[in-house]
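There are 2 protein chains.
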Amino acid sequence: MLPRKIADSTVRRLAIYLRFLEEFQRQGQATVASDALAQRAGTTSAQVRKDLSFFGSFGTRGLGYDVVPLADRLREILGLGHRHRVAIIGAGRLAAALVDYTGFSARGFEIVAVVDRDPARIGAVLAGLTIEDVADLEHVVRRGEVEIAILVTPAGPAQALVDRLVAVGITAILNFAPVQLQVPEGVDVKNVNLAVELETLSYALSARAAT
Amino acid sequence: MLPRKIADSTVRRLAIYLRFLEEFQRQGQATVASDALAQRAGTTSAQVRKDLSFFGSFGTRGLGYDVVPLADRLREILGLGHRHRVAIIGAGRLAAALVDYTGFSARGFEIVAVVDRDPARIGAVLAGLTIEDVADLEHVVRRGEVEIAILVTPAGPAQALVDRLVAVGITAILNFAPVQLQVPEGVDVKNVNLAVELETLSYALSARAAT
DNA sequence: CCTCGCTCGTGAAACCTTTCACAAATGCTC
DNA sequence: GAGCATTTGTGAAAGGTTTCACGAGCGAGG
């Protein structure tokens, strides 16, 4: 059903296409051409068609793609058919911003637990969830049948926490800590590193200035 | 001085190497081999050497790289020699998390202004900065000699704000809004899209389950 | 001061991703 | 129902990035 190996860049674009398909759907458009999708997504029509072709062929020649069925299929491909249960590790300001972000639940990601190490935070309520003790991490993850962990801790404890998460069976981690996590085969980590993003912008500024 | 075109992936790795070099420096290590750096950064020694080779050759054969000079050179390459002034557009929770993040100032990024549209927020103080009216965006950017804008608004107003930022000369934007921004040649945008990250993790979960 | 072991620097090869270009297929119009 | 305009699906080509492999150069140690 799913082909062997799909490039990460392709998967990211599929997620972006899905967003625009949903927009087209809201606007009542029934079909959309690869070119229209490409323009919105900042890519080319050939890229769109190639990306989709990895999973079959859903277009109609001369017309384009039917918006609703394509969106459904993309959701299926991306595994958004069921809700994913997410735990947030660390209850600082970034965690507060994340639980607040309505986009999560709108797209099927449900935050079921927040843990922290700081006794001053444990017991407090964040967006309806009581912050729990990170000491109970394993219990919290099992109880919530958590699939995805979002790590928003300082760099120091990050690796140890990941080791514990992996040990209880977590295989998908979104990491905001500025460290390169070591994980075994079969565990996926996506890093979001604000410092790296800013530094690439800084590089771009310098590179332009040097020209 | 700077070579033609450096891949984005290379620049990102340089930023990561820099982080580890600083760690080695704190630990008092004088030299480091490409292999040690590679292991920490999750890549290969050949990759490290290739990345560095684009900018010259700073290693000593048989020995490795001198930690301090290499770190200095990387900072220079990345344009971290002087502080960058940053404005934050949008004063929601994510903005609060960002101004709070000490990593910014530690790495030479200084937040000089925060603006928002909401009258209820304007005038409030966030980490020592008074939130200003987004209507005065152009004035704020000029006054602060802002180089980098961080966009943390909802998707709706994002493009219009970017147009205004570009018009006042901003050429580097870090975008957290879940839209694909259209900018003219010569303006750099880095996107951080939490929904896309989560959806790629969701895909990875499905793809593994299907195997 | 010669040899040895180590690690860099780098062209070449392998691999992967994107772009191109065009045949094939569809809907629409007349 | 034939012809036309349109847009998909996809091999092939181009372009880009990573890995390989090895010569070159350096320091250490005798």
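As you go down the protein sequences, you meet chains A and B in turn. Yeah, the first sequence ends on 374 if you go by this note's numbering, and it's all consecutive. Yeah, the second sequence ends on 374 if you go by this note's numbering, and it's all consecutive. C-beta atoms are modelled at their ideal positions from N, C-alpha and C, and glycine is treated no differently. Remember, predicted model here, so these are calculated numbers, not experimental data.
Below 8 Å, enough C-beta pairs join the stretch 237-248 of chain B and the stretch 356-371 of chain A to call them touching: three or more. At a cut-off of 8 Å, the C-beta of T334 (chain A) has a neighbouring C-beta in chain B. In this structure, DSSP gives K213 (chain A) a helical state, which the three-state scheme calls helix. DSSP places L337 (chain A) inside the beta strand (DSSP E), whose first and last residues are 335-338. In the three-state reduction of the DSSP assignment, D351 (chain B) falls in the strand class. According to the DSSP assignment, T293 (chain B) belongs to the beta strand (DSSP E) that extends over 292-296. Straight across, the Cα-Cα distance linking V309 (chain B) with E301 (chain B) is about 10 Å. Going by DSSP, E273 (chain B) is part of the beta strand (DSSP E) stretching over 272-279. Take the alpha-carbon of A170 (chain A) and the one of R176 (chain B): they are about 19 Å apart.
Taking a 10 Å sphere around the C-beta of T316 (chain B), we find 16 or more other C-beta atoms and assign the residue as buried. For A318 (chain B), the secondary structure class from DSSP, reduced to helix, strand or coil, is helix. Chain B places a beta carbon closer than 8 Å to that of Q343 (chain A), counting this residue as a contact. DSSP assignment within the stretch 220-255 of chain B yields the following whole alpha helix (DSSP H) runs of 4 residues or more, N-terminal first: 230-240. Separation of the CB atoms of A204 (chain B) and I179 (chain B) is rounded to 5 Å, and the pair is thereby assigned contact status at 8 Å. The stretch 314-331 of chain A and the stretch 226-234 of chain A do not touch, with fewer than 3 CB-CB distances between them shorter than 8 Å. Judged by beta-carbon spacing, D263 (chain A) lies within the 8 Å limit of R256 (chain B), meaning their Cβ atoms are closer than that value. For L361 (chain B), the enclosing alpha helix (DSSP H) stretches over residues 357-373.
A276 (chain B) sits away from G253 (chain B), with the two beta carbons spaced by 8 Å or more. For Q202 (chain B), the uninterrupted alpha helix (DSSP H) run begins and ends at 197-204, by DSSP.
According to the DSSP secondary-structure assignment, L289 (chain B) is paired through a beta bridge with B:L292. For L241 (chain B), a Cβ of chain A is located within less than 8 Å of the residue's own Cβ. Within the DSSP secondary-structure output, A258 (chain A) pairs in no beta bridge. Straight-line measurement puts the Cα of A373 (chain B) at about 43 Å from the Cα of L237 (chain B). Straight-line spacing of the CA atoms in A290 (chain A) and R305 (chain B) works out to 38 Å. Under DSSP, T194 (chain B) forms a beta bridge with B:D229. If you compare the alpha carbons of A:Q343, A:V331, A:V325, A:T223 with that of E186 (chain B), the shortest gap goes to A:Q343. Counted as a single uninterrupted DSSP element, the stretch harbouring T207 (chain B) is not any alpha helix (DSSP H), since DSSP gives it neither H nor E. Against chain B, the beta carbon of S365 (chain A) has neighbours under 7 Å at L241, G242, L243, H247, listed in chain order. Distance from the CA atom of E362 (chain A) to the CA atom of A193 (chain A), rounded to whole angstroms, is 42 Å. In terms of Cβ geometry, V249 (chain A) and F272 (chain A) form a close pair [threshold 8 Å].
Residues of the stretch 196-225 of chain A whose Cβ lies closer than 7 Å to any Cβ of chain B, in chain order: R203, A204, G205. Within chain A, the residues L364, A367 have their CB atoms less than 7 Å from the CB of D351 (chain B), given in chain order.
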